[in-house]
Amino acid sequence: MKRRQFLADLIYGATLAVTLPASITEARVNTTGIRYLRPPGALPEDEFQSQCIRCGQCGEVCPNRCITYFGLANGTDVLDTPFIVPREQACILCMKCGEVCPSGAIQPIKKTFEDIVGKVKMGKARVDETLCLSFQGKTCGVCYRACKLQDVAIRIGMLEQPHVLDGCVGCGLCERSCIQIPQAIRIIPDYG
Amino acid sequence: MSSTNRIFHIRHLNKLRWLTLTLVFLVLLLLPFLHLYQTYIAAHAYDLLSPGEKQIYDFMEMLTSPFVSDAETQLDAVKGNTWSGTLFGLQLSDPLAAVTQMAAAMKIYWPFVLTALIPVVLTVLLGRFYCGWICPATFLYELNSNLAVMLHKLGLHTGNRHLDRRFKYVVLAVGLVLSAISGAVLTAAIYPPAIIGREIYYGIALGGYSHVVLGGFGAGAVFFFATLLFDLFVARRGFCRYLCPGGALYSLLGRYRLLRIQRVVEDCNDCAKCNAICEFGLDPLRDDFGQECNNCSACIAICPTDAFAFKFSIKDQPYQGPGHLGRIYKRDQAVTAEDGNV
Numbered sequence: 003m004k005r006r007q008f009l010a011d012l013i014y015g016a017t018l019a020v021t022l023p024a025s026i027t028e029a030r031v032n033t034t035g036i037r038y039l040r041p042p043g044a045l046p047e048d049e050f051q052s053q054c055i056r057c058g059q060c061g062e063v064c065p066n067r068c069i070t071y072f073g074l075a076n077g078t079d080v081l082d083t084p085f086i087v088p089r090e091q092a093c094i095l096c097m098k099c100g101e102v103c104p105s106g107a108i109q110p111i112k113k114t115f116e117d118i119v120g121k122v123k124m125g126k127a128r129v130d131e132t133l134c135l136s137f138q139g140k141t142c143g144v145c146y147r148a149c150k151l152q153d154v155a156i157r158i159g160m161l162e163q164p165h166v167l168d169g170c171v172g173c174g175l176c177e178r179s180c181i182q183i184p185q186a187i188r189i190i191p192d193y194g
Numbered sequence: 042m043s044s045t046n047r048i049f050h051i052r053h054l055n056k057l058r059w060l061t062l063t064l065v066f067l068v069l070l071l072l073p074f075l076h077l078y079q080t081y082i083a084a085h086a087y088d089l090l091s092p093g094e095k096q097i098y099d100f101m102e103m104l105t106s107p108f109v110s111d112a113e114t115q116l117d118a119v120k121g122n123t124w125s126g127t128l129f130g131l132q133l134s135d136p137l138a139a140v141t142q143m144a145a146a147m148k149i150y151w152p153f154v155l156t157a158l159i160p161v162v163l164t165v166l167l168g169r170f171y172c173g174w175i176c177p178a179t180f181l182y183e184l185n186s187n188l189a190v191m192l193h194k195l196g197l198h199t200g201n202r203h204l205d206r207r208f209k210y211v212v213l214a215v216g217l218v219l220s221a222i223s224g225a226v227l228t229a230a231i232y233p234p235a236i237i238g239r240e241i242y243y244g245i246a247l248g249g250y251s252h253v254v255l256g257g258f259g260a261g262a263v264f265f266f267a268t269l270l271f272d273l274f275v276a277r278r279g280f281c282r283y284l285c286p287g288g289a290l291y292s293l294l295g296r297y298r299l300l301r302i303q304r305v306v307e308d309c310n311d312c313a314k315c316n317a318i319c320e321f322g323l324d325p326l327r328d329d330f331g332q333e334c335n336n337c338s339a340c341i342a343i344c345p346t347d348a349f350a351f352k353f354s355i356k357d358q359p360y361q362g363p364g365h366l367g368r369i370y371k372r373d374q375a376v377t378a379e380d381g382n383v
């Protein structure tokens with residue numbers, strides 16, 4: 003009798019759970035209100051949210067302290083998941099987070115040139131030519147110098163004008179280093 | 042004195058338990074500081090650190106230099122928390138994390154599920170031991186229980202309601218179903234040990250970008266504080282007893298555990314101190330441990346006549362009647378003896 007009551011409770015709770023929050027099933031878009039990157043090697047956004055267990059180990063191994071975590075203000079789906087705001091602190095592509103991630107939400111990627119260029123898809127940089135100093139005739143080239151994948155991800159032309167190439171992985175070091183305020187080069191995130 | 046299957050009998054086991062709880066909690070406190078230390082090394086800028094950061098650097102260097110030569114990489118050996126952590130290359134995870142990930146992702150990601158294997162096997166053998174011996178939230182909850190006793194002595198009202206213990210299974214089921222619907226690991230947000238592990242890290246290491254130490258606490262800290270108040274004013278140890286989804290999973294896994302605390306009826310004097318001390322509101326006096334018992338050994342420590350012992354058995358023994366040293370048993374004996382004489 004007790005067991006039957008318990009099972010009834012279980013089923014009742016489960017149906018409540020299914021019927022009440024129908025709104026959460028809406029398609030995954032960036033509802034957080036900020037432009038963020040996932041750590042290098044992260045799965046596409048949908049899979050990332052369902053596979054990340056919110057243990058916080060990625061942030062704990064990050065030697066650059068670029069990985070921070072969402073709070074409740076950004077929604078329950080992304081609560082406590084890791085993200086990077088490149089203007090605050092960009093990824094230095096050390097690939098430690100993928101190594102330590104137990105859940106597979108951040109896939110391990112070897113720290114070699116080929117693997118990083120081939121597999122890391124955090125986003126892609128885009129230059130705003132109306133803001134960029136070099137396009138205004140004041141030679142700068144800081145973004146190029148900050149880039150870890152020079153001439154693969156970014157090249158500079160006349161007057162140090164930056165041009166983003168296909169090799170860009172979106173680590174955000176260029177955005178972090180841009181001396182313009184607001185920054186003239188930004189990472190457009192790639193959520194897969 | 043029965044000697045069947047009796048393994049050992051140590052009254053100070055409860056102190057050992059407090060030692061492990063404290064150690065786990067201290068390690069969780071230490072890890073964010075070690076992380077900060079590693080980032081300071083990686084930045085190669087000791088001179089540019091603020092005085093507070095320099096103190097952390099120096100103290101951590103003092104702590105770790107006897108053990109590691111290359112702190113920046115070697116300190117990666119211990120990372121994470123009890124929700125999921127890396128311990129000298131061995132990755133261990135909470136079974137609840139594995140189960141919820143399965144529900145949320147709708148698939149089994151074996152590399153992760155296998156990290157929960159050792160805890161699952163240990164739980165099947167030892168029952169809900171995690172709750173009593175390791176859980177960093179238990180450390181705070183038990184201190185909270187002690188606080189409740191103090192408040193009670195001061196004459197303040199503290200809650201000791203009894204709710205339905207099965208409610209936590211509903212919480213577990215609802216948590217899993219919600220995770221499956223939303224495709225996000227939601228139980229992590231309401232599971233105290235996971236919260237503690239994260240919030241300690243947030244509070245110490247993520248104090249904003251201004252590098253202010255202490256100040257990054259998030260929503261989890263508020264939730265945990267609310268559970269502390271719940272335990273204090275509604276039900277003693279109420280979250281663990283009635284609401285914890287992880288506790289529910291551990292209880293189910295440990296239902297047929299091998300190692301059990303059992304009452305030795307010959308030594309029992311019916312003083313009922315065990316029932317009073319039991320954090321989980323069980324009834325050891327009437328041999329009612331059930332799947333909730335976490336082998337914490339508090340009843341062993343409090344028992345004045347050493348009437349509890351660890352035994353290997355997959356089932357609790359049925360109620361053995363009043364203890365042989367107690368008044369009821371002696372009176373009954375006297376009565377039957379008289380009957381025999383007549």
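Line by line, the protein sequences are chains A and B. So in my numbering, spot 154 of the first sequence is number 156, and the numbers just go up one at a time. So in my numbering, spot 122 of the second sequence is number 163, and the numbers just go up one at a time. Glycine residues also receive a C-beta, built at the ideal position from the N, C-alpha and C atoms. From a predicted model like this one, the values you see are computed outputs, not experimental measurements.
Have a look at the DSSP bridge pairing and note the partners of residue i.
i                : result
Asp48 (chain A)  : Answer by DSSP bridge pairing: none, since Asp48 (chain A) is not bridged.
Lys126 (chain A) : A:Ile190
Leu39 (chain A)  : A:Ile86
Pro359 (chain B) : In the DSSP output, where bridge partners are listed per residue, Pro359 (chain B) has none listed.
Ile241 (chain B) : Paired residues: none, contrary to the question.
Asp329 (chain B) : B:Asp324
His365 (chain B) : Beta-bridge pairing links His365 (chain B) to no other residue.
Arg157 (chain A) : A:His165
Would you mind working out which of the options sits nearest residue i, comparing C-alpha positions?
i                : options                                   : result
Asp117 (chain B) : B:Pro107, B:Leu128, B:Thr377 and B:Phe108 : B:Leu128
Val171 (chain A) : A:Tyr38, A:Lys126, A:Ile36 and A:Pro84    : A:Lys126
Asp385 (chain B) : B:Ala260, B:Leu188 and B:Phe280           : With chain B covering only 42 through 383, there is no way to say anything about residue 385 (chain B).
Ile355 (chain B) : B:Gln303, B:Pro325, B:Cys344 and B:Val376 : B:Gln303
Met160 (chain A) : A:Val102, A:Ala148 and A:Thr141           : A:Thr141
Gly295 (chain B) : B:Tyr182, B:Arg282, B:Gly331 and B:Leu188 : B:Gly331
Met143 (chain B) : B:Phe100, B:Gln79 and B:Gly216            : B:Gly216
Arg6 (chain A)   : B:Phe266, B:Arg327, B:Ile341 and B:Arg207 : B:Arg207
Pro104 (chain A) : B:Val165, B:Thr164 and B:Lys120           : B:Lys120
Pro359 (chain B) : B:Leu273, B:Asp324, B:Arg278 and B:Asp329 : B:Asp329
Phe353 (chain B) : B:Leu300, B:Ala235 and B:Ile159           : B:Leu300
Gly139 (chain A) : A:Cys60, A:Glu49, A:Gln163 and A:Cys64    : A:Gln163
Gly288 (chain B) : B:Asp357, B:Phe266 and B:Lys209           : B:Lys209
Pro136 (chain B) : B:Asn55, B:Leu213 and B:Asn316            : B:Leu213
Ala44 (chain A)  : A:Phe72, A:Gly169 and A:Lys123            : A:Lys123
Val102 (chain A) : B:Thr114, B:Pro160, B:Leu158 and B:Leu166 : B:Thr114
Asp308 (chain B) : B:Arg52, B:Gly126, B:Gly367 and B:Lys194  : B:Gly367
Gly274 (chain B) : B:Val190, B:Asp357 and B:Tyr87            : The question names Gly, but residue 274 (chain B) in the sequence shown is Phe. Phe274 (chain B) has its Cα closest to that of B:Val190, out of B:Val190, B:Asp357 and B:Tyr87.
Please list the terminal residues of the continuous alpha helix (DSSP H) segment that includes residue i.
i                : result
Val68 (chain B)  : Leu54 to Ala84
Thr156 (chain B) : Run containing Thr156 (chain B): none; DSSP gives neither H nor E here.
Val102 (chain A) : Lys98 to Val102
Leu92 (chain B)  : The residue asked about is misnamed: residue 92 (chain B) is Pro in this sequence, not Leu. Segment Pro92 to Thr105, the alpha helix (DSSP H) holding Pro92 (chain B).
Phe208 (chain B) : Phe208 to Ser223
Thr179 (chain B) : Pro177 to Lys194
Pro286 (chain B) : Pro286 to Leu294
Arg147 (chain A) : Val144 to Ala148
Gly261 (chain B) : Ala260 to Phe274
Cys340 (chain B) : Ala339 to Ile343
Gly173 (chain B) : Phe170 to Trp174
Start and end of the beta strand (DSSP E) containing residue i?
i                : result
Ile69 (chain A)  : Ile69 to Tyr71
Gln132 (chain B) : Leu131 to Ser134
Ser125 (chain B) : Ser125 to Leu128
Val171 (chain A) : Val171 (chain A) -> no beta strand (DSSP E), and no H or E assigned at all.
Gly121 (chain B) : Val119 to Gly121
Leu353 (chain B) : With the sequence shown as reference, residue 353 (chain B) is identified as Phe, and Leu is not the correct amino acid for it. It spans Phe349 to Phe353 - the beta strand (DSSP E) in which Phe353 (chain B) sits, taken as one unbroken run.
Leu300 (chain B) : Leu300 to Arg304
Our contact map puts residue i next to residue j with C-beta atoms below 8 Å; I'd like the distance itself, whole angstroms only.
i                : j                : result
Ile86 (chain A)  : Ile69 (chain A)  : 6 Å
Gln109 (chain A) : Ala146 (chain B) : Their Cβ separation, rounded to whole angstroms, is 14 Å, which puts Gln109 (chain A) and Ala146 (chain B) out of contact at 8 Å.
Asp82 (chain A)  : Ala229 (chain B) : 6 Å
Pro191 (chain A) : Arg89 (chain A)  : So it is not a contact: roughly 13 Å between Cβ atoms.
Val63 (chain A)  : Lys98 (chain A)  : 4 Å
Taking 7 Å as the CB-CB cut-off, is residue i touching chain D?
i                : result
His365 (chain B) : This model lacks chain D altogether; the protein chains it does include are A and B.
If the cut-off is 9 Å on Cβ atoms, which residues from the region 51-66 of chain A count as contacting chain B, listed in chain order?
Within the region 51-66 of chain A, the qualifying residues are Gln51, Ser52, Gln53, Cys54, Ile55, Arg56, Cys57, Gly58, Gln59, Gly61, Glu62, Val63, Cys64, Pro65 and Asn66.
Near-chain B residues of the region 123-150 of chain A (beta-carbon distance less than 7 Å), N- to C-terminal order
none
To be precise: take each residue of the region 126-159 of chain B, compare its Cβ to all Cβ atoms of chain A, and keep it if any distance is under 8 Å. Which residues remain?
Going along the region 126-159 of chain B in chain order, one finds Gly126, Thr127, Gln132, Ser134, Ala138, Thr141, Gln142, Ala145, Ala146, Met147, Tyr150, Pro152, Phe153 and Thr156 with a Cβ nearer than 8 Å to chain A.
Determine which residues of the region 91-125 of chain B have a Cβ less than 8 Å from any Cβ of chain A, and write them out in chain order.
Glu113, Asp117, Lys120, Gly121, Asn122, Trp124 and Ser125
Selection of the region 257-271 of chain B by Cβ proximity to chain A, strictly under 7 Å
Within the region 257-271 of chain B, the residues whose Cβ lies closer than 7 Å to some Cβ of chain A are Gly259 and Ala260, listed in chain order.
Which residues of the region 53-71 of chain B have a Cβ closer than 8 Å to any Cβ of chain A? Give them in chain order.
none
Chain-ordered residues of the region 190-206 of chain B with a beta carbon less than 8 Å from chain A:
none
Taking only beta carbons into account, state which residues of the region 96-121 of chain A come closer than 8 Å to chain B, listed in chain order.
Lys98, Val102, Pro104, Ser105 and Gly106
Pull out every residue of the region 155-168 of chain A whose Cβ sits closer than 7 Å to any Cβ of chain B, in chain order.
none
Please list the residues of the region 326-356 of chain B that have a C-beta atom closer than 8 Å to any C-beta atom in chain A, keeping them in chain order.
none
Going along the region 68-79 of chain A in order, which residues come within less than 8 Å of chain B, judged by CB to CB distance?
Thr70, Tyr71, Gly73, Leu74, Thr78 and Asp79
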